[in-house]
Each structure stands twice: as C-alpha cells, then as structure tokens.
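Undergrad: Residue numbers (this note's numbering): 2 to 377. Dropping a structure here in structure tokens format, bear with me for questions.
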Amino acid sequence: MVSDSDSDSDLVIVNHPITYIIGSGVSAYTVAVRLLSRNKPVHLLTLADLTAQASAGAGGLWMPFHAGGEENSATVELYSKWAKATFDEYEMNNRNAARSAFLPTDKSVVEMVEVNSYSSETESPYWASITSDFEIVDDSHRSREYCRKTKFTAPIIDCPAALIHYEQTCRLSSLCTITQVEEKFNDAAAVVDFINSSFENGAESNDFTVVNCAGASGHLLSGGTDNSENFVARGILHLYEREKCNDKAALYDSGSHTNGENYPTYCIPRGNVVVVGGCYIKNDFETTIRANEAEFLTKNTKLLLGETKTGKKLAEWVGWRPCRAAGVRVEHDRELSELLGVSFIHNYGHGGSGWTLCSGSADAVVEIIENLHLIS
Numbered sequence: 002m003v004s005d006s007d008s009d010s011d012l013v014i015v016n017h018p019i020t021y022i023i024g025s026g027v028s029a030y031t032v033a034v035r036l037l038s039r040n041k042p043v044h045l046l047t048l049a050d051l052t053a054q055a056s057a058g059a060g061g062l063w064m065p066f067h068a069g070g071e072e073n074s075a076t077v078e079l080y081s082k083w084a085k086a087t088f089d090e091y092e093m094n095n096r097n098a099a100r101s102a103f104l105p106t107d108k109s110v111v112e113m114v115e116v117n118s119y120s121s122e123t124e125s126p127y128w129a130s131i132t133s134d135f136e137i138v139d140d141s142h143r144s145r146e147y148c149r150k151t152k153f154t155a156p157i158i159d160c161p162a163a164l165i166h167y168e169q170t171c172r173l174s175s176l177c178t179i180t181q182v183e184e185k186f187n188d189a190a191a192v193v194d195f196i197n198s199s200f201e202n203g204a205e206s207n208d209f210t211v212v213n214c215a216g217a218s219g220h221l222l223s224g225g226t227d228n229s230e231n232f233v234a235r236g237i238l239h240l241y242e243r244e245k246c247n248d249k250a251a252l253y254d255s256g257s258h259t260n261g262e263n264y265p266t267y268c269i270p271r272g273n274v275v276v277v278g279g280c281y282i283k284n285d286f287e288t289t290i291r292a293n294e295a296e297f298l299t300k301n302t303k304l305l306l307g308e309t310k311t312g313k314k315l316a317e318w319v320g321w322r323p324c325r326a327a328g329v330r331v332e333h334d335r336e337l338s339e340l341l342g343v344s345f346i347h348n349y350g351h352g353g354s355g356w357t358l359c360s361g362s363a364d365a366v367v368e369i370i371e372n373l374h375l376i377s
C-alpha cells in the first residue's frame with residue numbers, strides 16, 4: 002500500500018519521545034534529518050559501511066526510474082508529489098541565494114545538468130511537467146532507432162558526498178544517536194527486542210516509534226503485512242575521471258547503444274566522476290561485472306564520451322536496487338503496531354528512485370507521525 006497520510010483517529014497512542022529509524026540509505030537519513038529539523042530525538046540503527054549501500058553507488062540523476070506501481074493513477078499522483086518536493090529541494094540547494102538546510106552548501110554536490118534521453122516510448126513521462134524545460138526534440142538521424150529524443154534539465158546528486166553529509170549532520174546533532182548493527186534485521190519483532198534490550202527505554206516501556214527504511218530488507222520487517230512482490234534489481238557502473246568529459250547526461254533505453262531491455266545505457270556526470278551504466282536485472286546476485294558486461298560498458302563509454310574525452314577509469318561498482326512491485330510503501334502499519342505494542346511505520350521499496358523521491362516520502366513519514374500524535 003502506498004499512502005502519504007494516516008489519521009487513525011480511533012487509535013489512542015501516547016507521545017513517543019524517540020523515533021528509531023532502521024536503514025543506512027538516503028531514505029533513512031532523509032527522515033532522520035527531517036525529524037531533527039523539528040527538534041525531535043532520533044536514533045538510527047545502521048549498517049557500518051555507507052559506501053556499500055545502493056544509495057551511495059547510484060548514478061545520482063533525478064528521474065523517476067522503476068519505482069514500481071506506476072500503472073496506478075493514485076501512485077503516479079503520489080510519485081509526482083514526492084518527486085517535485087525532492088526536485089524543488091535540490092534546485093534550491095543549487096541556487097546561490099537560498100540553499101536547502103538538508104544538503105551541503107558546496108554547490109558541486111547538487112548540479113543542474115542538461116539531460117538528453119533517447120527512448121522507445123512515444124508518450125511523455127508523467128514527471129515531465131516537474132522540469133521547467135522538458136521538450137521533445139526532432140532528431141531525424143536517429144529516427145530509425147528511437148521513437149523520441151527528449152531534452153530537459155534535472156538535478157544530479159553526488160550520492161556518496163551527500164550521504165556522508167547526511168550522516169555527519171546526524172552525528173553532530175545532540176538529538177541524534179547512531180548505532181551500527183553487525184547484520185540486517187530479519188523481522189520486526191527482532192527490531193523491537195533489540196531496542197528494548199539495548200537502550201534506555203526499558204524492557205517493558207515500549208516507549209518509542211520505529212520507521213522501517215531498510216530498503217531491500219524492508220519487507221522482512223513487515224510482519225507478514227506486505228502482500229506485494231519484493232525483489233532487487235542489479236545495476237553496474239564504470240566510473241571515470243570527469244575533467245575531460247562534457248557536463249551533459251545521456252540516457253538510452255533502446256537502439257544500438259543498449260544490449261537489450263535489461264541493459265539500458267546512461268552517462269551521468271556526478272561530482273568528480275562520470276558514471277557509465279548500466280543494467281536492470283531482476284534478482285541477479287552476481288557480485289562482479291561479467292566479461293560481456295564490461296565489454297558492453299567499455300564500448301558505450303567510447304560512444305558516449307568519445308575516444309579523446311574519456312578520462313581514466315577509476316572504479317567499477319555493482320549494486321542492487323530495492324524494488325517493490327506495488328510501489329513504494331509509506332504507511333503506518335496498524336496491524337503490526339498492535340501486535341508489537343509499538344508504532345511501526347514503513348518507508349521502503351523506492352527501486353531506482355531513492356534520490357528522486359526521498360524528500361517527498363520523508364515528508365509523508367513525518368506527516369504520518371504527526372497525524373498519529375506520536376510527536377508533539
């Protein structure tokens with residue numbers, strides 16, 4: 002279920018002084034920073050290595066991508082709302098005059114970049130109106146391969162730098178505690194037991210709220226209340242020095258630049274690097290880039306960047322997008338809350354759109370908490 006509010010007027014819940022957030026990615030940290038900005042105490046339970054998270058390895062382009070449930074008009078309405086809230090925040094950060102309070106003032110962390118997209122789709126995407134300059138471009142020399150070329154300006158986030166900034170912001174706050182856990186939680190009851198046995202709340206008080214931002218493990222913390230298919234989608238990247246490259250992004254979902262529907266191609270300038278990808282393969286758990294995939298990425302690097310503009314290859318990356326077929330799940334789970342005796346809120350399943358939807362979905366989580374009178 003996807004929702005961005007929950008009144009629960011018939012459920013009486015006392016004020017909970019601490020919100021425990023489960024997760025290590027942008028969805029978790031965005032919720033944390035939102036609550037801290039309201040002077041509400043937060044306790045993050047995270048995995049140790051931020052750089053291993055899907056959020057850190059993402060291409061960083063703002064553009065709704067495989068968030069799930071997009072055939073549902075209600076879901077599209079919510080995604081548009083969340084994507085616009087996130088877009089507006091990034092755009093504000095990029096301006097000299099008024100910077101967002103949630104991202105660094107270093108302008109290079111968020112850049113507004115021209116994006117050229119070559120697609121087999123004939124209809125404009127639902128998010129086109131969010132960008133101020135989305136246009137369909139007549140590109141006759143590609144007409145046999147692509148139905149449409151579009152151009153628009155969108156934010157690109159230096160994901161590793163932004164995620165580290167979020168963590169540092171939380172660590173510097175006297176209202177925030179970060180505890181690193183050794184392994185992922187495998188059920189909701191284990192989360193509650195861990196909190197009660199490890200921290201000051203007391204074994205019998207249950208005086209806290211839990212927000213489940215566990216990404217690919219999010220459905221495991223649903224207590225059986227999630228009937229949607231949850232899966233991961235593998236992605237691959239080559240990272241190159243940026244200095245020789247132009248500052249435009251390019252995306253292809255069909256034609257000679259791709260290697261079938263599972264291998265879209267994109268080139269995104271991000272921070273000090275240019276990322277070239279990629280793939281979208283459901284439940285593929287290969288941890289290294291296969292030889293044929295490396296050949297595909299190398300070929301397209303030369304096509305997209307040019308022989309003379311390709312900088313030194315710096316690294317490779319493999320990661321897994323946390324996907325949910327029914328779409329992002331943001332809601333207060335009444336059934337699980339009553340079973341466990343604590344208020345349990347879900348915020349997971351963002352797919353390839355974590356950096357695109359994070360601000361909007363975090364606002365939705367905070368709204369749910371306020372409507373439940375969990376914080377004053």
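The beta-carbon is built from N, C-alpha and C at its ideal position, and this holds for glycine as well. On a predicted model such as this, the values are computed, not experimentally measured, just so you know.
1) From A84 to I137, what does the alpha carbon distance come to, in whole angstroms?
2) Rounding to the nearest angstrom, what Cα-Cα distance links S338 and L62 in this structure?
3) Which residues does DSSP list as the beta-bridge partners of V138?
4) Does the distance from the CB of V211 to the CB of V32 come in under 8 Å?
5) Return the residue from the list L315, G225, G236 and M113 that minimises the CA-CA distance to T154.
6) Shortest alpha-carbon distance to K313 belongs to which of H333, V276 and S56?
7) Could you name the residues of the same chain whose beta carbon sits closer than 7 Å to that of L315, not counting the 5 residues immediately before and after it, in chain order?
8) What is the rounded straight-line gap between the Cα of F186 and the Cα of P156?
9) My understanding is that Q181 touches T47, with C-beta atoms under 8 Å, so please give their C-beta distance in whole angstroms.
10) So, is E124 buried or exposed, given that buried needs 16 or more other C-beta atoms within 10 angstroms?
11) Tell me, please, which residues DSSP counts as bridged to R235.
12) With three or more beta-carbon pairs closer than 8 Å as the criterion, would you say the stretch 258-269 touches the stretch 278-298?
13) Q181 by DSSP, collapsed to three states: which one?
14) Using three-state DSSP, classify T266 as helix, strand or coil.
15) Need the endpoints of the alpha helix (DSSP H) that H166 sits in, please.
16) List the endpoints of the continuous beta strand (DSSP E) containing L252.
17) If I measure Cβ to Cβ from L305 and keep anything under 8 Å in the same chain, skipping five residues before and after, which residues do I get?
18) Rounded to whole angstroms, what's the CA-CA distance from L341 to V193? Just pull it up for me.
19) Tell me which residues share the same chain as C214 and place their Cβ nearer than 8 Å to its Cβ, disregarding the 5 neighbours each side in the sequence.
20) Please identify the residue among Y91, K152, F200 and L373 whose C-alpha is closest to the C-alpha of K249.
21) Using the Cβ count rule (16 or more neighbours within 10 Å means buried), how would you classify R325?
22) If you run the structure through DSSP and keep just helix, strand and coil, what is T210?
23) Are W128 and A234 close, meaning C-beta to C-beta below 8 Å?
24) Under a three-way DSSP split, which group does H67 fall into?
25) Report the CB separation of A86 from S360 in whole angstroms; it is logged as a contact under 8 Å.
26) H333 to R271, Cα distance in whole Å?
27) Beta carbon of R149, beta carbon of S175: below 8 Å?
28) Buried or exposed, going by whether 16 or more other CB atoms sit within 10 Å of the CB of Q54?
TA: Based on what the coordinates show:
1) Along the sequence shown, one-based indexing puts residue 84 at 83. Along the sequence shown, one-based indexing puts residue 137 at 136. One Cα belongs to A84, the other to I137, and the distance between them is close to 21 Å.
2) In the sequence shown, residue 338 corresponds to position 337, counting from 1. In the sequence shown, residue 62 corresponds to position 61, counting from 1. Cα to Cα, S338 sits roughly 36 Å from L62.
3) For the purposes of this step, residue 138 is identified with residue 137 of the sequence shown, where counting begins at 1. The beta-bridge partner set that DSSP reports for V138 consists of K150.
4) In the sequence shown, residue 211 corresponds to position 210, counting from 1. In the sequence shown, residue 32 corresponds to position 31, counting from 1. Taking 8 Å as the Cβ cut-off, V211 and V32 do not qualify as a contacting pair.
5) The residue labelled residue 154 in the question sits at position 153 within the sequence shown. Distances from the alpha-carbon of T154 to those of L315, G225, G236 and M113 put M113 closest.
6) Taking the sequence shown and counting its residues from 1, one reaches residue 313 at position 312. Nearest of H333, V276 and S56 to K313, Cα basis: V276.
7) As a working note, residue 315 is residue 314 in the sequence shown. Cβ within range, chain order: L240, Y241, E242 and V274.
8) Stepping through the sequence shown from its first residue, residue 186 is reached at position 185. Stepping through the sequence shown from its first residue, residue 156 is reached at position 155. The straight-line gap separating the alpha-carbon atoms of F186 and P156 is approximately 33 Å.
9) As a working note, residue 181 is residue 180 in the sequence shown. As a working note, residue 47 is residue 46 in the sequence shown. Contact holds; Cβ gap of about 6 Å.
10) Here residue 124 is taken as the residue at index 123 of the sequence shown, counted from 1. Exposed, since its Cβ has fewer than 16 Cβ neighbours within 10 Å.
11) Walking along the sequence shown from the start, residue 235 turns up at place 234. R235 is bridged to I282 and W321.
12) These segments touch.
13) As a first step, residue 181 is located in the sequence shown; it is residue number 180 there, counting from the start. Looking at Q181 - three-state DSSP - the assignment turns out to be strand.
14) Taking the sequence shown and counting its residues from 1, the one referred to as residue 266 is at position 265. T266: strand per DSSP, three-state reduction.
15) Stepping through the sequence shown from its first residue, residue 166 is reached at position 165. Looking at the DSSP string, the run of the alpha helix (DSSP H) that includes H166 is C160 to L173.
16) Position 251 of the sequence shown, counted from the first residue, corresponds to residue 252. A250 to Y253 is the extent of the beta strand (DSSP E) around L252.
17) As a first step, residue 305 must be located in the sequence shown, where it is residue number 304. Excluding residues within five positions, the ones whose Cβ falls inside 8 Å are A251, H258, T266, C268 and V277.
18) As a first step, residue 341 is located in the sequence shown; it is residue number 340 there, counting from the start. As a first step, residue 193 is located in the sequence shown; it is residue number 192 there, counting from the start. Taking the straight line from one Cα to the other gives about 8 Å.
19) Here residue 214 is taken as the residue at index 213 of the sequence shown, counted from 1. Excluding five sequence positions before and after C214, the CB atoms of its chain that fall closer than 8 Å to its own CB belong to I22, I23, G24, G26, S28, A29, V32, N348 and Y349, given in chain order.
20) What you label residue 249 is simply residue 248 of the sequence shown in a count that begins at 1. Sorting Y91, K152, F200 and L373 by C-alpha distance to the C-alpha of K249 places K152 at the top.
21) Position 324 of the sequence shown holds residue 325. R325 should be labelled buried.
22) On the sequence shown, position 209 is the one that residue 210 refers to. Reduced to three states, the DSSP call for T210 is strand.
23) Stepping through the sequence shown from its first residue, residue 128 is reached at position 127. Stepping through the sequence shown from its first residue, residue 234 is reached at position 233. W128 is not a Cβ neighbour of A234, given a cutoff of 8 Å.
24) Taking the sequence shown and counting its residues from 1, the one referred to as residue 67 is at position 66. Secondary structure of H67 (DSSP, three-state): coil.
25) If you number the sequence shown from 1, residue 86 lands on position 85. If you number the sequence shown from 1, residue 360 lands on position 359. The Cβ separation is near 5 Å, so the contact holds.
26) Walking along the sequence shown from the start, residue 333 turns up at place 332. Walking along the sequence shown from the start, residue 271 turns up at place 270. Each residue's alpha carbon lies about 35 Å from the other.
27) In the sequence shown, counting from the first residue as 1, residue 149 sits at position 148. In the sequence shown, counting from the first residue as 1, residue 175 sits at position 174. No; because the gap between Cβ atoms is not below 8 Å, this pair is not in contact.
28) Here residue 54 is taken as the residue at index 53 of the sequence shown, counted from 1. Buried, by the Cβ-count rule.
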